[in-house]
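Under our numbering, read the sequence shown as residues 305 to 554, first letter to last.
Note that the Cβ used here is the ideal one computed from N, Cα and C, for glycine as well.
Everything below concerns the one structure shown next.
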Amino acid sequence: MAKSLHVQNINAWFSDQLVLKHIHMDLSANQITAIIGPSGCGKSTFIRCLNRMHETVPGARVTGDIFLEESSIYQMPATEVRRRIGMVFREPNPFPTLSIFDNLTLALRLGGMRNHRQLRERAERSLRVAGLWDEVKDKLNQNALVLSLGQQQRLCIARALALEPDVLLLDEPASALDPVSTLQIEELMEQIKKDLTIVIVTHNLQQAARIADTTAFFLDGELVEWGDTSLLFTKPSDRRTEDYIAGRFG
Ligand SMILES: Nc1ncnc2c1ncn2[C@@H]1O[C@H](COP(=O)(O)OP(=O)(O)OP(=O)(O)O)[C@@H](O)[C@H]1O
């Protein structure tokens, strides 16, 4: 079920470098929120804070709090946070030695699901949602690397969906893909937002304008502004946002 995230005064460091400063933001359920901003402004660090991945980097630190609905993610076991708040990365990263089926079901099996019929149902359901079932149903036991890059990325999304998360974080999920695969990923996000809260980092302003309900503009570790995507693109309230979307820097 989709759940909203509430970010309260997040600061994040890599060693002594402060890379996110006093971030307050709400990420609404059943919406796509796009995170935009120039290279190095803290977009990836921000979404890696949202499922407690940032703190896994040696020397990295976070202060502040993030709530999944009413519950602080810092009061939950980190493994539980990452199950409920899934993540898809820039480069498709299927487990390279595993079959398509095992890619989808490994985490479920590690979580204790043993019944083969149940595993098969969950795998099929997430592949159907990811629009991949017809393409892979006859090769579930083949290595995941037989798939094209675009299919591998949809497999990674299906793998995240198989855990039935509340939130899905995507860090430039289409940046390594061709235009057709990019469109498939965008259509997929539109479909799954009815069940999920989606946060996507993108360099591509057209992509944010096409798919995001809400857009947030980051600059130098600050959240300059966030709000309704069409308003942010047509009537930004801050001069720096206006300059960025007009292509004057970044
Ligand atoms: N593993 C790391 N160790 C140290 N510093 C890092 C690390 N990862 C990122 N940084 C620094 O943190 C700051 C924010 O980086 P981040 O990757 O969050 O930005 P970004 O907006 O996602 O950039 P890009 O669009 O280029 O991916 C940058 O100054 C970057 O150099």
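In its own chain, leaving out the 5 sequence neighbours on each side, no residue places its CB closer than 6 Å to the CB of residue 410. When DSSP reads this structure, residue 315 sits in a beta bridge with 367. Taking the C-beta atoms as reference points, residue 481 is found no nearer than 8 Å to residue 455. In the three-state DSSP reduction, residue 347 falls in the helix class (H, G or I). Here residue 326 has 313 as same chain residues with Cβ atoms under 6 Å from its own Cβ, once five neighbours each way along the sequence are excluded.
Distances from the CB of residue 349 to the heavy atoms of ligand 1 include at least one below 7 Å. For residue 471, the enclosing beta strand (DSSP E) begins and ends at 471–475. Assigned with DSSP and collapsed to three states, residue 334 falls in coil, not helix or strand. Distance from the CA of residue 416 to the CA of residue 437, rounded to the nearest whole angstrom, comes to 24 Å.
Contiguous alpha helix (DSSP H) elements confined to the segment 385–431 occur at 404–414, taking only those with 4 or more residues. Residue 308 sits in coil when the DSSP states are folded into three classes, being neither helix nor strand.
Under the 10 Å beta carbon count, residue 519 is surrounded by 16 or more other beta carbons and is classified as buried. Here DSSP, grouped into helix, strand and coil, assigns residue 532 to strand. In this structure the segment 504–523 touches the segment 321–338; the number of beta carbon pairs closer than 8 Å is three or more.
Apart from sequence neighbours up to five positions away, the residues of its chain that approach residue 440 with a beta-carbon distance below 6 Å are 404, ordered along the chain.
At a cut-off of 7 Å, the beta-carbon of residue 554 does not count as near ligand 1: no heavy atom of the ligand is closer than that. Judged by their CB atoms, residue 537 and residue 342 are not nearer to each other than the 8 Å cut-off. Remark: the shortest separation between the CB of residue 321 and any heavy atom of ligand 1 falls under 7 Å.
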